[in-house]
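Numbered per full-length UniProt numbering, the sequence shown finishes at 209, counting up by one with no gaps. Just so it is clear, CB atoms sit at the ideal spot from N, CA and C, and this is done for glycine as well. Everything on this sheet refers to the single structure shown next.
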Amino acid sequence: MGKVYVFDHPLIQHKLTYIRDKSTGTKEFRELVDEVASLMAFEITRDLPLQEVNVETPVCEATSKVLAGKKLGIVPILRAGLGMTEGILKLIPAAKVGHVGLYRDPETLKPIEYYVKLPRDVEERDFIVVDPMLATGGSAVEAINSLKKRGATSIRFMCLVAAPEGVEVMQEAHPDVDIYIAALDEKLNDHGYIVPGLGDAGDRLYGTK
Ligand code: URA
1 MGKVYVFDHP LIQHKLTYIR DKSTGTKEFR ELVDEVASLM AFEITRDLPL
51 QEVNVETPVC EATSKVLAGK KLGIVPILRA GLGMTEGILK LIPAAKVGHV
101 GLYRDPETLK PIEYYVKLPR DVEERDFIVV DPMLATGGSA VEAINSLKKR
151 GATSIRFMCL VAAPEGVEVM QEAHPDVDIY IAALDEKLND HGYIVPGLGD
201 AGDRLYGTK
């Protein structure tokens, strides 16, 4: 079963409160999501392997550490996932970025992929799929299906706010995928919104309604 990690760093929790606040406008909302995404990227990369290298400091020769060159891929789920992508890239600029676009079939209500573009060496990369909200879990499960169909074997999922219902659906469908969140909220309401949540993440990021 995939593990769930809640990033309870005070800065993440503080900024998330302003992200939730309905009086936070589009510009500030976008900036805060970007900042929290960076902070979450800092936490999620804690286990990246290091290798030793030699370096000449102004004082002497020394052995020091650099990232062992693990190949990373960030995959935002369109469109709200885009709001977290730049923040992550600020910390890991060498990561490649794939995209997955899904729409909801009006009859079955199931998410259907309409756009998938991934880095070429899918099998060799560790992927972080990102979407601010894990609500019913439908989009996250389908996005990860899209990656796995194309050969991805190492996938993690990162979001700001998750509902217990979405976590359960993800753990059932993808027991190999760990989930990284800033907050685990109470529930979903009858309209599929996370309670208390933050509203529609895409609309708040891009000022649409
Ligand atoms: N998607 C959102 O943007 N917000 C929710 O609360 C649920 C799904």
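(request) Taking Lys96 and Pro111 to be in contact with their CB atoms under 8 Å, please state how far apart those CB atoms are, rounded to whole angstroms. (result) Between Pro111 and Lys96 the Cβ distance is about 24 Å, and since that is not below 8 Å, they are no contact.
(request) Return the first residue and the last residue of the alpha helix (DSSP H) that His14 is part of. (result) Pro10 to Arg20
(request) Return the first residue and the last residue of the beta strand (DSSP E) that Asp126 is part of. (result) Asp126 to Val130
(message) Rounding to the nearest angstrom, what Cα-Cα distance links Thr108 and Lys148 in this structure?
(response) 23 Å
(message) Can you tell me which residues fall inside 5 Å of the ligand URA, judged by beta-carbon distance to its nearest heavy atom, and keep chain order?
(response) Going by the Cβ distance cut-off, the answer is Met133, Ala135, Tyr193, Ile194, Gly197, Asp200 and Ala201.
(request) Quick one: give me the first and last residue of the beta strand (DSSP E) that Phe157 is part of. (result) Ser154 to Ala162
(request) Using the DSSP secondary-structure output, state which residues sit across from Ile77 in a beta bridge. (result) Val100
(message) Along the chain, where does the alpha helix (DSSP H) containing Asp47 start, and where does it finish?
(response) Asp47 -> no alpha helix (DSSP H), and no H or E assigned at all.
(request) Out of Tyr180, Asp200, Arg204 and Asp34, point me to the one whose CA is closest to Asn189's CA. (result) Asp200
(request) Would you identify the three-state DSSP class for Ala68, choosing helix, strand or coil? (result) coil
(message) What does the Cβ neighbour count give for residue 213, buried or exposed, with the cut at 16 atoms within 10 Å?
(response) Because the chain spans 1 through 209 in this model, residue 213 falls outside it and cannot be assessed.
(message) Rounding to the nearest angstrom, what Cα-Cα distance links Val161 and Leu16 in this structure?
(response) Rounded to whole angstroms, Val161 to Leu16 spans 9 Å at the Cα level.
(message) Can you list, in chain order, the residues of its chain with a C-beta nearer than 7 Å to that of Val177? Leave out the 5 residues immediately preceding and following it.
(response) Gly2, Ile144, Ile155, Arg156, Phe157 and Met170
(message) Any contact between the segment 35 to 44 and the segment 52 to 64? By contact I mean 3 or more CB pairs, one from each, below 8 Å.
(response) no
(message) Quick check on the burial criterion: 16 or more other C-beta atoms within 10 angstroms. Buried or exposed for Gly25?
(response) Gly25 comes out exposed.
(message) For Asp178, list the residues DSSP reports as bridge partners.
(response) Arg156
(message) For the pair the segment 120 to 131 and the segment 61 to 73, tell me if three or more CB-CB distances fall below 8 Å.
(response) The segment 120 to 131 and the segment 61 to 73 touch, with no fewer than 3 CB-CB distances between them shorter than 8 Å.
(message) Which residue marks the beginning of the alpha helix (DSSP H) containing Ile112, and which one marks its end?
(response) Counting along the chain, Ile112 falls outside any alpha helix (DSSP H), though it belongs to the beta strand (DSSP E) covering Pro111 to Lys117.
(request) Identify, in the order they occur along the chain, each residue of the same chain with its Cβ nearer than 8 Å to the Cβ of residue 226, setting aside the five sequence neighbours on each side. (result) In the structure as shown, the chain starts at 1 and stops at 209, and residue 226 therefore has no counterpart that could be examined.
(request) Evaluate Pro175 with the Cβ neighbour count: other Cβ atoms within 10 Å of its Cβ, from every protein chain shown; 16 or more gives buried, anything less gives exposed. (result) exposed
(message) So, for Arg20: in the same chain, excluding its five sequence neighbours on each side, which residues have a beta-carbon less than 6 Å away from its beta-carbon?
(response) Only Leu198 meet the Cβ criterion.
(request) Going by DSSP, name the residue or residues bridged to Lys187. (result) Val195
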